[in-house]
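For reference, the structure is listed below as structure tokens.
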Amino acid sequence: LSLGDSDALASGEKVIAVGNPMGLERSVVSGLISGFRRFDHSRMIQLAIPIEPGNSGGPLFNPRAEVLGLLNMKSTLTANLGFATPINALKPLLARPNSMTMNKWLRLGALDEGLWTSSMGALWSSKVDRISVQGKGAGFGGKSLCHFHQEPSTLPYELKVRVKLGDESGAAGLIFGSDGSERQYGFYPSNGQLRLTRFDGPSVYSWNILSQVQTPHYRLGDWNTLSVRHEKDRISCFVNGQLVIESKDRALRLGQVGLAKFRDTQADYSNFMFNPTPAEKVPFEPDSDLTQLLAKIQTHLGDNPSSMQALSASIGDQSPDQLQDLAELLERRTDQIRRLALESHRIQIQKQLRTELKQSEPQRNLLRAALLVAKHDYPELNIKAYEDAVNRMAGDIRDYHSTEGGESDLIQSLIDFLFKENGYHGSFSDYENAANSYLNKVIDDREGLPITLSVLFIELADRLGIKHVTGLPLPGHFLVKHQPQGGKVALIDVFNSGKQLTFDEADALALQYQVNNVSSEYMASATKRDIIIRMLSNLRYFTRSNSGLRDSLPYLDLMIAIDEEDAGLRLERATICLRIGRRDMARSDFEWLLERRPEGLQLDRIREALRSL
Numbered sequence: 008l009s010l011g012d013s014d015a016l017a018s019g020e021k022v023i024a025v026g027n028p029m030g031l032e033r034s035v036v037s038g039l040i041s042g043f044r045r046f047d048h049s050r051m052i053q054l055a056i057p058i059e060p061g062n063s064g065g066p067l068f069n070p071r072a073e074v075l076g077l078l079n080m081k082s083t084l085t086a087n088l089g090f091a092t093p094i095n096a097l098k099p100l101l102a103r104p105n106s107m108t109m110n111k112w113l114r115l116g117a118l119d120e121g122l123w124t125s126s127m128g129a130l131w132s133s134k135v136d137r138i139s140v141q142g143k144g145a146g147f148g149g150k151s152l153c154h155f156h157q158e159p160s161t162l163p164y165e166l167k168v169r170v171k172l173g174d175e176s177g178a179a180g181l182i183f184g185s186d187g188s189e190r191q192y193g194f195y196p197s198n199g200q201l202r203l204t205r206f207d208g209p210s211v212y213s214w215n216i217l218s219q220v221q222t223p224h225y226r227l228g229d230w231n232t233l234s235v236r237h238e239k240d241r242i243s244c245f246v247n248g249q250l251v252i253e254s255k256d257r258a259l260r261l262g263q264v265g266l267a268k269f270r271d272t273q274a275d276y277s278n279f280m281f282n283p284t285p286a287e288k289v290p291f292e293p294d295s296d297l298t299q300l301l302a303k304i305q306t307h308l309g310d311n312p313s314s315m316q317a318l319s320a321s322i323g324d325q326s327p328d329q330l331q332d333l334a335e336l337l338e339r340r341t342d343q344i345r346r347l348a349l350e351s352h353r354i355q356i357q358k359q360l361r362t363e364l365k366q367s368e369p370q371r372n373l374l375r376a377a378l379l380v381a382k383h384d385y386p387e388l389n390i391k392a393y394e395d396a397v398n399r400m401a402g403d404i405r406d407y408h409s410t411e412g413g414e415s416d417l418i419q420s421l422i423d424f425l426f427k428e429n430g431y432h433g434s435f436s437d438y439e440n441a442a443n444s445y446l447n448k449v450i451d452d453r454e455g456l457p458i459t460l461s462v463l464f465i466e467l468a469d470r471l472g473i474k475h476v477t478g479l480p481l482p483g484h485f486l487v488k489h490q491p492q493g494g495k496v497a498l499i500d501v502f503n504s505g506k507q508l509t510f511d512e513a514d515a516l517a518l519q520y521q522v523n524n525v526s527s528e529y530m531a532s533a534t535k536r537d538i539i540i541r542m543l544s545n546l547r548y549f550t551r552s553n554s555g556l557r558d559s560l561p562y563l564d565l566m567i568a569i570d571e572e573d574a575g576l577r578l579e580r581a582t583i584c585l586r587i588g589r590r591d592m593a594r595s596d597f598e599w600l601l602e603r604r605p606e607g608l609q610l611d612r613i614r615e616a617l618r619s620l
């Protein structure tokens, strides 16, 4: 089809839409362009046209049969009002196609068959550290199973997973002691309660509920951590670290472990862990008085009057004003504790990143360091899951590509794997999106900045045994350099589908970002520490541009934790803290600068700023 120019459109022009409204194939309707609107920073063509579900993705034509846009939205409030994505937004994608083999495309989001096997229907899908399920299972009660391939060989062992139900009327959680079919134990939330069940067959008459409890430790509508310890003489079940069920049942012993869902439940699972050699003692702390008091209140809370009356009787004669004061106090303290938890998490990441990068260059783990940067902003990120995913990617390259040639052949196999077969690409249309700077998101979404794509490339090359693959820190555009001993140097632009550049082409590329000439041939490779600092600098810049100084400060803290002697970073942090009212931090940095007296700084102005505090 011929593509038109959507930038030249005007309100009132006649248009024609083709699609499958309500499943009626190849239906044709006409209408008018009634305006232009922006949704989530995207410009849309507003249409006065009768479209329905099923038209989405269909072309919008002018009378000359030129495609002006792709239909994508219909108003549910007003008849004959719809929207289309302008065709000019598609043209850059056509100019830079992200190729992917059909078999890889069909497997996007599918379960990793090397780790999991699903059964009894429902739709199971996965990303690196998360599994999702939706739809009704084929087993009785909508039961569907997903077995982990590693099995326990002896007791005791432990299982753990974080789970979130789309609807608390559903049920989803852990299974263990499974025969791979109808017999297993299950520990899962169901209708807001925690249940331990022994499934002895396919029907409800062979299901034995060993225990069912209601507990304040279960967080309705939120993520909850379920864990099971299976021992020779007992089964211990925990939710969010608290023991809620113990059973002496010994009918099922060793067997497969994994996940289950029931009814029409939509559920998400993350951080699944199977530990075949757990600690001897169960980590359990009894409830404190505060927890018991909150449990009493939570037990009686509800929407019906009788539950409120029971609560009122249990807490005595406190006035409504006192209870309101207590509620406000708890809210303030909750906010303080949440801020403290976030700050504590960030300090832990600073320490771990500093420890990782203080090692000698060969000992530094670039993959782990880059994932720590992501974990700074995603506390629940499972670093090991992504390390394992990169290892599996390297294994796939070994299995399906020739590794018998030299390093240059291996480099080409790596380029083909990432950019021709799996669709990894540079983020041309959404460059400053923070997700492009988080390696976990780059692995999940297959889109990133030059530097994050370079980290993935360098780490895969290392796992394939390819030597002398480093980063080339061009201004504004990071490249990968492969310099085999006695061989020809290759410069690889991973942002542009692994295109190989000459030094002259790299120099010309750098000139797009700065005025001064660059000689890439004599430029030193970036150390792993340099790479992490540059990733943090990107995050600091993007966050400062989009959210302001205050939100960019944590990245500056990370950079200083890595490079504690950088006076420029210290001065910048002191200046920002002074502007946003963090006077103690500003004072500390100004005093540090006056004590070190670094060259090139105007110490008199620093003394003046310190006196103002």
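Just so we're aligned, residue 8 is where the sequence shown starts under the working numbering, counting upward by one. We put the beta carbon where it would ideally sit given N, CA and C, even for glycine.
Whole-angstrom Cβ separation of residue i and residue j, contact assumed at under 8 Å?
i, j, result
"V170", "A274", "6 Å"
"K143", "D271", "5 Å"
"R33", "V25", "7 Å"
"A91", "L77", "6 Å"
"E598", "L617", "7 Å"
"S125", "L152", "7 Å"
"P28", "N79", "Going by Cβ atoms, the distance from P28 to N79 rounds to 14 Å, so no, they are not a contact pair."
"R202", "A258", "So it is not a contact: roughly 17 Å between Cβ atoms."
"F426", "G505", "5 Å"
"S436", "L456", "Actually they do not touch by this definition, with Cβ atoms about 13 Å apart."
"Y520", "H484", "6 Å"
"I242", "D229", "With a Cβ gap of about 25 Å, I242 and D229 do not count as contacting."
"I418", "I473", "6 Å"
Tell me where the beta strand (DSSP E) around residue i begins and ends.
i, result
"N655", "As shown, the chain starts at 8 and ends at 620. That puts residue 655 outside it, with no answer to give."
"T1", "Missing from the structure shown is residue 1; the chain here goes from 8 to 620 and no further."
"I23", "21-26"
"M51", "49-55"
"G575", "Unbroken run through G575 is the alpha helix (DSSP H), 574-587; no beta strand (DSSP E)."
Under 8 Å Cβ to Cβ from residue i, same chain only, skipping five residues before and after it: list those, please.
i, result
"G121", "H156, R399"
"Q547", "Reading the sequence as shown, one finds Arg at residue 547 and not Gln. Taken in chain order, the residues that qualify are S559, Y562, L563, M566."
"E238", "L162, P163"
Which residues in the same chain have their Cβ closer than 7 Å to the Cβ of residue i, if we skip the five residues on either side of it in sequence?
i, result
"A396", "V135, I450"
"R50", "F43, P93"
"F194", "G180, L181, L203, L233, V235, C244"
In whole angstroms, what is the alpha-carbon distance linking residue i and residue j?
i, j, result
"I569", "Q490", "28 Å"
"E454", "G173", "28 Å"
"I138", "K448", "16 Å"
"P290", "G148", "Because P290 sits at a pLDDT of 48, beneath the cut-off of 50, its placement in the model cannot be relied upon, and the point is left open."
"F269", "E338", "36 Å"
"I587", "L347", "19 Å"
"S41", "A72", "19 Å"
"T582", "G199", "50 Å"
"S544", "L576", "11 Å"
"S160", "Q370", "35 Å"
"F424", "P480", "24 Å"
"Y529", "N523", "15 Å"
"I94", "G402", "40 Å"
"S218", "S106", "52 Å"
"S133", "A117", "6 Å"
"E335", "P327", "12 Å"
"I390", "R375", "7 Å"
"G30", "G430", "31 Å"
"V525", "E466", "27 Å"
"A392", "Q53", "44 Å"
"A593", "R604", "16 Å"
"S176", "L88", "36 Å"
"G412", "D469", "16 Å"
Specify, as a first and last residue, the run of the alpha helix (DSSP H) that residue i falls within.
i, result
"D514", "510-518"
"D403", "390-407"
"K98", "98-102"
"L592", "It should be noted that the sequence gives Met, not Leu, for residue 592. Run containing M592: 590-603, per the alpha helix (DSSP H) assignment."
Sorted by chain position, which residues of the same chain lie with C-beta nearer than 6 Å to residue i's C-beta, five sequence neighbours on each side aside?
i, result
"S185", "Q191, G262, Q263"
"E439", "F549"
"R114", "none"
"A497", "H489, Q507"
"I538", "G478"
"S9", "E73"
"E189", "G208, P209"
**Asked** Would you say the region 548-557 touches the region 336-351, given that touching needs at least three Cβ pairs under 8 Å?
**Response** no
**Item:** Contact between the region 373-393 and the region 355-362 (3+ Cβ pairs under 8 Å)
**Value:** yes
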